[in-house]
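>
See below:
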């Protein structure tokens, strides 16, 4: 090893540091430290002239270790590492002493601040003495992308990436893409028909030469790391040959089995061989094995008999596909809150109490009532109550606000008013949250149309009448909190504006992709404000309601953002991996595998052949957990070796 | 810093056991919407909470609100912020009695006669309790209860003589301990 020659540079940061710390004294103190050959103070070390000081000393004085005493490494460590590298030495021969956030900004007395800065500089000098040259590694990025979930978020991400000329695999667990947006009737606040704006995008996905659609498929297993993921996808048996079926629908008319349609929220029937809806992409039927007479009783095969293209294949089996992709976008969507546990609102017990998605289907012209709003007895309601915040803003269910319910409730109010002449609509809200572009104006529009807004969350909905007027009606009991009086309001129909919740299998999916879920099971983003599309696992991005409740415009924006992040990685073609990773001394490793379980990034695996554990440096984030956990002290963390840390402590304590 | 009046009242209520979440109320009104007796309250339960936060101690404790709470706990079961309104109502009753507010209802007389019956017999002696209660409040009102009393008597649901519970001595020990630990 070359004899260390340390250069120390103390930054004034204008008056940020120099105002409290005696910077000249620090520079002078540094000169007295072992191996220090030069020590200077300068107004702004991060400026070009400041960086040039370092480069010049490296060239002229042979400085080969650099300490800058300035701010937090968060901002400028990359700046100085670059300067050191441009000066001609390894960028890891650098250490930063934080004498601003940790010292001048938090210490009042000039004397104490100067003493503390001395200790921090002395620690950095002693540490940098033991630094070793490290090389950042580069790995290539596979240009293909996997998008999981075929709702509007997944469709948007897939199209953005494919339109830029890169291959996308779009995986959807249902038989067709479209997601929840396909179930909606109109969209707030502009009232475009949801299907009319979505189906063109769906057909584009279906026809795109660079998008490989894997519907009725689920992710089995994911391994690898940013740029180089390997994914196993299970294509569930459809019992219909996807290449032969042309979606003519004859099989559906011939199938004798009728079951509740999931797409229509059980308000209509579908067959055992079906497409979820008419505009399905791909337009290929699927056999529901659980209800098909042939699978249950061994005979029927009506669909097979009538299929002109011989597309039915009862022998089909699940197929597992292996893929290699560079990046993954998760757009797995949400689940509507089920209001059954809220007994006070009577869902499932009282006729004409319905959920919002049921109403979306009912009011849709392609839905079970061809768009007529009807009570169970077939007549039109004369009054409709909309209850906000069902399952949201409630600690017993979901503490968060679901963000879309206020707006879709007002959309419902508009649709009911539009569909039924002379109807009266009531909204029961706690607070109206109409925060988006054109949303407050829509609120105003609905008020003008005659909807009455009561501020108060109803205590209950009941069919027990107290008066003649209430007989045969649903009675909403509530307090008009702005009047301060308990009231009972008889209506014909009650719509529960249910909130958005995470998918039931969110945790399982998160585990598969090695990302994390928050308290309410939504996927956790890397930074809640500054990086809401990335995750803590590089190369895995999230968009749409799987990250948290959001409306369609926000979902589309986030999906495009995720696509942009993926494209950035693809166009760069390679990713740099930080060098401060851990490694195992295989002579010391006893093969106990404690580290395998401790590693939060699944970066350590046990090598059966050699009876030792090994760390995949591309996956290692340098957290140090395994180093502390290893009972044989066989693991070393580069750039955080015992020698370096002990020297740093010594520097602070002397 | 000296606290102003309304913060003092709020602190007083918030320090009652299980009432500490009063600040988290979002005034949604589900308590008032669920309340089985709200039509009798001058200020419904949600407003009671708002009045505590606004420091309107006198106006609140002089009103009939709070005293109509029948402890059905529907408000508490349905409260989305788990602030336990029923506990707050009972807490306010304690404050009102301690500080000499005169309740505008006969609820306290009912509480007292009930409690006295428990102290004396270890259980409720219905006939005696109702007799004392009407004597203290409005003896004429007792006439309206006569048909029910007769019906209870003929069905042998209301004995005329009191019965004591077993282990009355142990119960007394418990009650004395309670009384010495802060009163009832």
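Chains as they are written, first to last, in our numbering: chain Z, 253 to 906; chain H, 24 to 207. Glycine included, each C-beta is placed from N, C-alpha and C at the ideal position.
1) Helix, strand or coil: which one does DSSP assign to residue 826(Z)?
2) To be precise: take each residue of the segment 619–633 of chain Z, compare its Cβ to all Cβ atoms of chain H, and keep it if any distance is under 7 Å. Which residues remain?
3) Identify the contact partners of residue 105(H) in chain Z, using a Cβ-Cβ distance below 9 Å as the criterion.
4) Just the chain Z side, please: which residues come within less than 7 Å of residue 70(H) by C-beta, in chain order?
5) For residue 263(Z), which residues does DSSP report across the bridge?
6) At a Cβ threshold of 8 Å, is residue 730(Z) touching chain H?
7) In chain order, what residues of the same chain have a beta carbon less than 6 Å from the beta carbon of residue 207(H), not counting five sequence neighbours either side?
8) Contact between the segment 279–292 of chain Z and the segment 374–384 of chain Z: three or more CB pairs below 8 Å?
9) Curious, which full-length alpha helix (DSSP H) runs of at least 4 residues does the segment 37–106 of chain H contain?
10) At a CB-CB cut-off below 9 Å, which residues of chain Z make contact with residue 67(H)?
11) Could you give the first and the last residue of the continuous beta strand (DSSP E) run that contains residue 549(Z)?
12) Can you find the residues in the same chain that come closer than 8 Å, C-beta to C-beta, to residue 313(Z), ignoring five residues on each side of it along the sequence?
13) Note down, in chain order, all residues in the segment 90–101 of chain H with a beta-carbon under 9 Å from any beta-carbon belonging to chain Z.
14) For residue 698(Z), which residues from the same chain have a beta carbon less than 6 Å from its beta carbon, with the 5 sequence-adjacent residues on both sides left out?
15) Please name the residues in the segment 709–731 of chain Z whose beta-carbon is closer than 9 Å to at least one beta-carbon of chain H, in chain order.
16) Once DSSP output is grouped into helix, strand and coil, what is the label at residue 678(Z)?
17) Please confirm whether residue 429(Z) has its beta-carbon closer than 8 Å to some beta-carbon of chain H.
18) Short of 7 Å in beta carbon distance, which residues of its chain neighbour residue 897(Z), apart from the five on each side in sequence? Order them along the chain.
19) With a threshold of 6 Å on Cβ separation, who are the neighbours of residue 375(Z) within its own chain once the five nearest residues in sequence on each side are excluded?
20) Whole angstroms is fine: what's the gap from residue 471(Z)'s alpha carbon to residue 533(Z)'s?
21) Would the segment 489–499 of chain Z and the segment 530–544 of chain Z be scored as touching if the rule is three or more Cβ pairs under 8 Å?
22) Ignoring anything shorter than 4 residues, give me the alpha helix (DSSP H) runs that lie fully in the segment 679–712 of chain Z, in order along the chain.
23) Starting from residue 775(Z), trace the beta strand (DSSP E) both ways and give me its first and last residue.
24) Kindly say whether residue 747(Z), judged by its beta-carbon, lies nearer than 8 Å to any beta-carbon of chain H.
25) Interface residues of chain Z around residue 116(H) at Cβ under 7 Å?
26) Going by beta carbon distance, what residues of the same chain come within less than 7 Å of residue 414(Z), once the five residues before and after it are set aside?
27) What are the boundary residues of the alpha helix (DSSP H) that residue 635(Z) is part of?
28) Using three-state DSSP, classify residue 436(Z) as helix, strand or coil.
29) For residue 354(Z), which three-state DSSP category applies?
30) Keeping to the same chain, check which residues put their C-beta closer than 7 Å to that of residue 273(Z); ignore five residues upstream and five downstream.
31) Might you give, ordered along the chain, the residues of its own chain that have their beta carbon closer than 7 Å to the beta carbon of residue 160(H), omitting 5 neighbours on each side?
32) Taking 8 Å as the CB-CB limit, is residue 82(H) close to chain Z?
33) DSSP three-state call for residue 738(Z): helix, strand or coil?
34) Under a Cβ-count criterion, where at least 16 other Cβ atoms within 10 Å of its own Cβ denotes burial, should residue 716(Z) be classed as buried or exposed?
35) Please report the distance separating the alpha-carbon of residue 640(Z) from that of residue 606(Z).
36) Could you give the distance in angstroms between the alpha-carbon of residue 763(Z) and the alpha-carbon of residue 330(Z)?
In this structure, then:
1) The three-state reading of DSSP puts residue 826(Z) in strand, counting E and B together.
2) Residues: none.
3) 647, 648, listed in chain order.
4) Correct list: 736.
5) As DSSP reads the structure, residue 263(Z) sits in a beta bridge with 294(Z).
6) By the rule that beta-carbons nearer than 8 Å mark a contact, residue 730(Z) touches chain H.
7) Confidence in residue 207(H) is poor, its pLDDT being 42 and thus under 50, which makes the residue's placement too unreliable to answer from.
8) Touching, yes.
9) Entirely contained in the segment 37–106 of chain H, the alpha helix (DSSP H) runs reaching 4 residues are, in chain order, 53–57, 68–76, 80–85, 97–101.
10) Under the 9 Å cutoff, chain Z gives 731, 733, 736, 737, 738.
11) Not the beta strand (DSSP E): residue 549(Z) falls in the alpha helix (DSSP H), residues 545–549.
12) Shown here for residue 313(Z): same chain residues with a beta carbon closer than 8 Å to its own, the five before and five after excluded, namely 257, 259, 289, 290 in chain order.
13) Within the segment 90–101 of chain H, the residues whose Cβ lies closer than 9 Å to some Cβ of chain Z are 97, 98, 100, 101, listed in chain order.
14) The residues are 662, 665, 666.
15) Within the segment 709–731 of chain Z, the residues whose Cβ lies closer than 9 Å to some Cβ of chain H are 709, 710, 711, 712, 728, 729, 730, 731, listed in chain order.
16) Here residue 678(Z) sits in strand by DSSP.
17) Chain H contact via Cβ: absent.
18) Correct list: empty, nothing qualifies.
19) If we look at residue 375(Z) and ignore the five residues flanking it on each side, its Cβ neighbours are 900, 903, 904.
20) Distance from the CA atom of residue 471(Z) to the CA atom of residue 533(Z), rounded to whole angstroms, is 20 Å.
21) Yes: the two stretches touch, three or more of their Cβ pairs being nearer than 8 Å.
22) Entirely contained in the segment 679–712 of chain Z, the alpha helix (DSSP H) runs reaching 4 residues are, in chain order, 691–700.
23) That residue, residue 775(Z), is in no beta strand (DSSP E); it is neither H nor E in DSSP.
24) Proximity of residue 747(Z) to chain H, defined by a Cβ-Cβ separation below 8 Å, is not satisfied.
25) None at all; the shortest Cβ gap to chain Z is about 20 Å.
26) Apart from the 5 residues on each side of it in sequence, residue 414(Z) sits with its Cβ closer than 7 Å to the Cβ of 420, 460, 462, 463 in its chain, given in chain order.
27) Premise fails: residue 635(Z) lies in the beta strand (DSSP E), 635–642, not in any alpha helix (DSSP H).
28) DSSP, reduced to helix, strand and coil, places residue 436(Z) outside both helices and strands of the structure shown, so it counts as coil.
29) Residue 354(Z): helix per DSSP, three-state reduction.
30) So the list reads 351, 355, 356, 365, 366, 369, once near-sequence residues are dropped.
31) Answer for residue 160(H): 129, 132, listed in chain order.
32) Interface residue (Cβ-Cβ distance to chain Z less than 8 Å): residue 82(H) is not classified as such.
33) Reduced to three states, the DSSP call for residue 738(Z) is strand.
34) Under this definition residue 716(Z) is an exposed residue.
35) Straight-line Cα distance between these residues: approximately 13 Å.
36) Each residue's Cα considered, the two are about 32 Å apart.
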